[in-house]
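Worksheet: the structure to be examined is printed underneath.
In the working numbering, the protein residues as written are 5 to 254.
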């Protein structure tokens with residue numbers, strides 16, 4: 005490991021360390037390179053590592069909006085989408101560089117495509133980092149293998165979308181992916197499901213977490229009516245209540 009690196013994470017952490025030492029904290033970096041490991045023989049793999057720290061922008065009230073894990077997940081979603089990968093699974097997986105509470109791997113067709121998470125306190129202390137970091141390492145050779153060549157195009161929507169937010173209180177053992185899978189494909193008018201926030205703390209019972217999701221509804225041939233969306237939303241709530249034993253926060 006002194007000669008051939010098994011991961012690009014130390015490399016990008018040193019880049020953040022260099023910038024933090026010069027008071028540059030609001031950062032978004034990526035780096036391309038090669039990593040090496042041994043599995044019945046030496047293997048060379050191409051990878052890209054992506055990292056965020058600090059604030060991404062200021063809102064209209066002048067408040068700084070900081071990067072979080074969902075910004076990282078959004079980039080991964082865009083990247084997989086560009087390569088025609090429409091189904092992937094986010095699995096909690098321990099990694100020595102990431103915090104145990106925020107450490108995941110992306111799997112597609114039983115192949116690990118990426119690892120991602122929030123840098124652990126021990127790694128921050130070792131590299132003398134002063135801000136929270138969210139990092140993803142993506143294996144480009146796996147991405148190329150999984151890429152679907154037959155990319156289909158569809159016409160741009162001509163009718164407005166309807167967005168509805170839903171807040172759930174559920175067991176901390178239930179992942180956001182579990183919730184998405186329960187909702188996805190339940191109705192043809194559901195065009196997107198986004199995780200808005202995950203919270204554990206005051207007002208949330210021990211062993212539970214609050215999960216906020218945003219569901220986008222859209223029809224390609226008409227403008228949706230409120231009562232139509234209300235009916236779909238009510239059905240989704242009943243599904244989540246019965247299958248995940250959760251509570252709906254009103």
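Beta carbons: idealized from backbone N, C-alpha and C, even for Gly.
(message) Considering Cα atoms alone, identify which of 83, 81, 203, 165 is closest to residue 193.
(response) 165
(message) Rounding to the nearest angstrom, what Cα-Cα distance links residue 72 and residue 202 in this structure?
(response) 11 Å
(message) If you measure between the beta carbons of residue 167 and residue 218, is that distance less than 8 Å?
(response) yes
(message) If you reduce the DSSP assignment to three classes, tell me which class residue 22 lands in.
(response) helix
(request) Hey, could you find the ends of the beta strand (DSSP E) residue 180 is sitting in? (result) Run containing residue 180: none in the beta strand (DSSP E); it sits in the alpha helix (DSSP H), 180–187.
(request) For my contact list, residue 107 and residue 98 are in at a C-beta cut-off of 8 Å; report their separation, rounded to the angstrom. (result) 6 Å
(request) Kindly indicate the opening and closing residues of the beta strand (DSSP E) around residue 242. (result) Counting along the chain, residue 242 falls outside any beta strand (DSSP E), though it belongs to the alpha helix (DSSP H) covering 230–248.
(message) Starting from residue 199, trace the beta strand (DSSP E) in both directions and tell me its first and last residue.
(response) 194–203
(message) Looking only at its chain, what residues have a beta carbon closer than 7 Å to the beta carbon of residue 124, apart from the 5 residues adjacent to it on each side?
(response) 101, 102, 103
(request) For residue 14, name the three-state secondary structure that DSSP assigns. (result) helix
(message) Tell me whether the stretch 122–142 and the stretch 54–71 touch, counting them as touching only if at least three CB pairs, one residue from each stretch, are closer than 8 Å.
(response) yes
(message) Between the alpha carbons of residue 145 and residue 52, how many angstroms are there, rounded?
(response) 10 Å
(message) If I follow the unbroken beta strand (DSSP E) through residue 70, where does it start and stop?
(response) 68–70
(message) Spatial neighbours of residue 181 within its chain, please: C-beta separation below 7 Å, excluding the five flanking residues on both sides.
(response) 93, 94
(request) Using three-state DSSP, classify residue 124 as helix, strand or coil. (result) coil
(message) I'd like to check one pair, residue 238 with residue 221: are the Cβ atoms closer than 8 Å?
(response) no
(request) Compare the Cα-Cα distances from residue 25 to each of 235, 169, 131 and report the closest residue. (result) 131
(message) By the three-class DSSP mapping on this structure, what secondary structure does residue 78 have?
(response) helix
(message) Taking only three categories from DSSP, how would you classify residue 147?
(response) helix
(message) Quick check: the Cα distance between residue 236 and residue 242, rounded to an integer number of angstroms?
(response) 10 Å
(message) By the DSSP assignment, the beta strand (DSSP E) with residue 40 in it spans what residues?
(response) 31–42
(request) Have a look at 8, 16, 60, 77 and flag the residue whose alpha-carbon is nearest the alpha-carbon of residue 199. (result) 77
(message) Please state the DSSP three-state secondary structure of residue 93.
(response) strand
(message) Looking at the secondary structure, which residues open and close the beta strand (DSSP E) in which residue 87 lies?
(response) Note, residue 87: premise wrong, no beta strand (DSSP E); not H, not E.
(request) Measure the CB-CB distance between residue 35 and residue 15 and report whether it falls below 8 Å. (result) yes
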